[in-house]
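Per our numbering, the sequence shown starts with residue 393, numbered consecutively. Don't be surprised by glycine CBs; every beta carbon is placed ideally from N, CA and C. Below is one structure, written out as structure tokens, with a few remarks after it.
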Amino acid sequence: MTQIVEHDSPSDSTDMTQILEHDSPSDSTDMTQILEHDSPSDSTDMTQILEHDSPSDSTDMTQILEHDSRLNSLDVPQTIATDDFPFYAEQCADSSLPWKDDLLLMYKKGLLCDTNLKTLSRSFPVHSLILRIQSTVFNDILDTDDSGSLYIEKLDENTVQKLILYLYTGTLDDLNVQSAKQLYSASNEYEITSLKHLCSFFLTEHLEPTNCCDILCMAGIHKDHNLISAVQCFISKHAKEILLSDPWEHLEQKDPLLACKTLRKLYLEN
């Protein structure tokens, strides 16, 4: 085994020590010199490296934490309880009310009004922008008619006032069945869908044996199947009282097809 090792060893009696010395860096550079060579220049030790990576101007970790803690000084709630959400939602929902109030005040004072809604008895100065936004029909009329006046002679003064209030605020005040019917017809004619739904809901909530036939006839004219179905359901519950009344007889004369369809529905359901 000794001979094999000697045979494989380098020539000229080079021993293992010489091999290691041959593989080491030149000029008798030992392992210490290698480590020093790989370390940062100018005798920079590990402490200097850490200082180099730290924030400038001798900012230590305490200063960083103090810098981030500035958020804690703001008057912002750190957590919001679940019970607080309705309050915030209500505040957001009401955020547009001052804008609506100001716009309505401009209408009432006649400020910057550029169009007139005219009935047989009165003229109402309004803002054409509001009419355009709320009604596609009004928008088309204003595009083709630059006279500055829109004639709505089918509606009385009181109904037009309620219509204008709705266009500006989205609300209706002092509504009754008669005015709701007029506004319902107006909303269909001028394609004010939201007003139509509101009036339809009001009418279904105020159905009576004395007015249901008239409302059914109006719904048939405007082909409002939802309102027709609601009135027919009401008639079904009060059939004996309604089918023998004068309003029902008037309906049979004015719209016999609708009266027939209503009777057929009552028969099939019973």
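Where the beta strand (DSSP E) through Pro517 begins and ends:
Start at 1 with the first residue of the sequence shown, and residue 517 comes out as number 125. Judged by DSSP secondary structure, Pro517 falls within the beta strand (DSSP E) whose first and last residues are Ser515 to Val518.
Consult DSSP for Leu650 and reduce its assignment to one of helix, strand or coil.
The sequence position of residue 650 within the sequence shown is 258, counting from 1. Here Leu650 sits in helix by DSSP.
Going by C-alpha distance, which of Leu575, Gln570, Ser541 and Pro639 is nearest Leu557?
To locate residue 557, count along the sequence shown from 1; it is residue 165. Of Leu575, Gln570, Ser541 and Pro639, the residue nearest in Cα terms is Leu575.
Between which two residues does the alpha helix (DSSP H) harbouring Leu590 extend?
Residue mapping note: residue 590 aligns to position 198 of the sequence shown, counting from 1. DSSP places Leu590 in the uninterrupted alpha helix (DSSP H) bounded by Thr585 to Glu597.
Evaluate Leu559 with the Cβ neighbour count: other Cβ atoms within 10 Å of its Cβ, from every protein chain shown; 16 or more gives buried, anything less gives exposed.
Taking the sequence shown and counting its residues from 1, one reaches residue 559 at position 167. It counts as buried.
For the beta strand (DSSP E) that Asn662 lies in, which residues bound it at each end?
Residue mapping note: residue 662 aligns to position 270 of the sequence shown, counting from 1. First-last for Asn662: undefined, no H or E at that position.
Can you give the Cα-Cα distance for Arg656 and Asn662, rounded to whole angstroms?
Here residue 656 refers to the residue found at position 264 of the sequence shown. Here residue 662 refers to the residue found at position 270 of the sequence shown. So the alpha carbons of these two residues sit roughly 10 angstroms apart.
May I have the straight-line CA-CA distance separating Phe520 from Lys632, to the nearest angstrom?
Start at 1 with the first residue of the sequence shown, and residue 520 comes out as number 128. Start at 1 with the first residue of the sequence shown, and residue 632 comes out as number 240. In the sequence as presented, Phe is not what sits at residue 520; that position holds Ser. A direct Cα-to-Cα measurement between Ser520 and Lys632 gives close to 50 angstroms.
So, using beta-carbon positions, are Thr511 and Val569 closer together than 8 angstroms?
Residue mapping note: residue 511 aligns to position 119 of the sequence shown, counting from 1. Residue mapping note: residue 569 aligns to position 177 of the sequence shown, counting from 1. No, the pair does not count as a contact, with Cβ atoms beyond the cut-off.
Does the distance from the C-beta atom of Leu608 to that of Leu650 stay below 8 angstroms?
Within the sequence shown, residue 608 is the residue found at index 216, counting from 1. Within the sequence shown, residue 650 is the residue found at index 258, counting from 1. In this structure, Leu650 lies closer than 8 angstroms to Leu608 by Cβ.
Note down the Cα distance separating Asp616 from Asp647, rounded to an integer number of angstroms.
For this step, residue 616 is matched to residue 224 along the sequence shown. For this step, residue 647 is matched to residue 255 along the sequence shown. Taking the Cα positions, Asp616 is about 15 angstroms away from Asp647.
Taking the C-alpha atoms as reference points, what is the distance between Leu547 and Lys573?
The residue given as residue 547 occupies position 155 in the sequence shown. The residue given as residue 573 occupies position 181 in the sequence shown. Each residue's Cα considered, the two are about 11 angstroms apart.
For Ser541, which of Ser527, Phe516, Val529 and Ala611 has the nearest alpha-carbon?
For the purposes of this step, residue 541 is identified with residue 149 of the sequence shown, where counting begins at 1. A check of alpha carbon separations from Ser541 across Ser527, Phe516, Val529 and Ala611 identifies Phe516 as the nearest.
Given a cut-off of 8 angstroms, decide if Glu583 and Thr528 are closer than it, judged by their beta-carbon atoms.
Indexing the sequence shown from 1 puts residue 528 at position 136. Indexing the sequence shown from 1 puts residue 583 at position 191. Yes. Within cutoff.
Give me the DSSP bridge partner(s) of Asn508.
Indexing the sequence shown from 1 puts residue 508 at position 116. Among the bridge pairs identified by DSSP, Asn508 is matched with Pro517 and Ser541.
In angstroms with no decimal places, state the Cα-to-Cα distance between His630 and Pro601.
The sequence position of residue 630 within the sequence shown is 238, counting from 1. The sequence position of residue 601 within the sequence shown is 209, counting from 1. When rounded, the distance between both Cα atoms is 7 angstroms.
Same chain only: Cβ atoms within 8 angstroms of Thr561, ignoring 5 sequence neighbours per side:
Numbered from 1 along the sequence shown, position 169 holds the residue referred to as residue 561. Closer than 8 angstroms at Cβ, skipping near neighbours: Lys492 and Leu496.
Residue range of the alpha helix (DSSP H) that includes Gly502
Mapped onto the sequence shown, residue 502 falls at position 110. No alpha helix (DSSP H) holds Gly502; DSSP gives it neither H nor E.
With a threshold of 8 angstroms on Cβ separation, who are the neighbours of Trp640 within its own chain once the five nearest residues in sequence on each side are excluded?
Here residue 640 corresponds to residue number 248 of the sequence shown, with the count starting at 1. Result list for Trp640: Cys605, Ile634 and Ala651, in chain order.
Considering only C-alpha positions, which residue in the set His598, Arg524 and Ser513 is nearest to Tyr543?
The residue given as residue 543 occupies position 151 in the sequence shown. Ranking His598, Arg524 and Ser513 by Cα distance to Tyr543 puts Ser513 first.
Which of helix, strand or coil DSSP assigns to Thr528
In the sequence shown, the residue the question calls residue 528 occupies position 136. Thr528: helix per DSSP, three-state reduction.
Take Arg524 and list the residues in its own chain whose beta-carbon comes closer than 7 angstroms to its own, dropping the five residues that flank it on each side.
Taking the sequence shown and counting its residues from 1, the one referred to as residue 524 is at position 132. Only residues of its own chain outside the window of five on either side were considered, and among them Phe530, Asn531 and Leu534 have a CB closer than 7 angstroms to the CB of Arg524, listed in chain order.
I need the boundaries of the alpha helix (DSSP H) containing Leu619, first residue and last residue.
Here residue 619 is taken as the residue at index 227 of the sequence shown, counted from 1. Its alpha helix (DSSP H) spans residues His617 to Lys629.
Is it buried or exposed for Lys588, if we count other Cβ within 10 angstroms and need 16 for buried?
Here residue 588 refers to the residue found at position 196 when the sequence shown is read from its first residue. Under this definition Lys588 is a buried residue.
What separation, rounded to the nearest whole angstrom, lies between the Cα atoms of Leu509 and Leu636?
The residue labelled residue 509 in the question sits at position 117 within the sequence shown. The residue labelled residue 636 in the question sits at position 244 within the sequence shown. Straight-line spacing of the CA atoms in Leu509 and Leu636 works out to 43 angstroms.
Is Leu559 helix, strand or coil when you go by DSSP?
Position 167 of the sequence shown, counted from the first residue, corresponds to residue 559. DSSP places Leu559 in the helix class (H, G or I) of the three-state scheme.
When you compare the CB positions of Thr654 and Ile627, do they come within less than 8 angstroms of one another, or not?
Here residue 654 is taken as the residue at index 262 of the sequence shown, counted from 1. Here residue 627 is taken as the residue at index 235 of the sequence shown, counted from 1. The Cβ atoms of Thr654 and Ile627 lie closer than 8 angstroms to each other.
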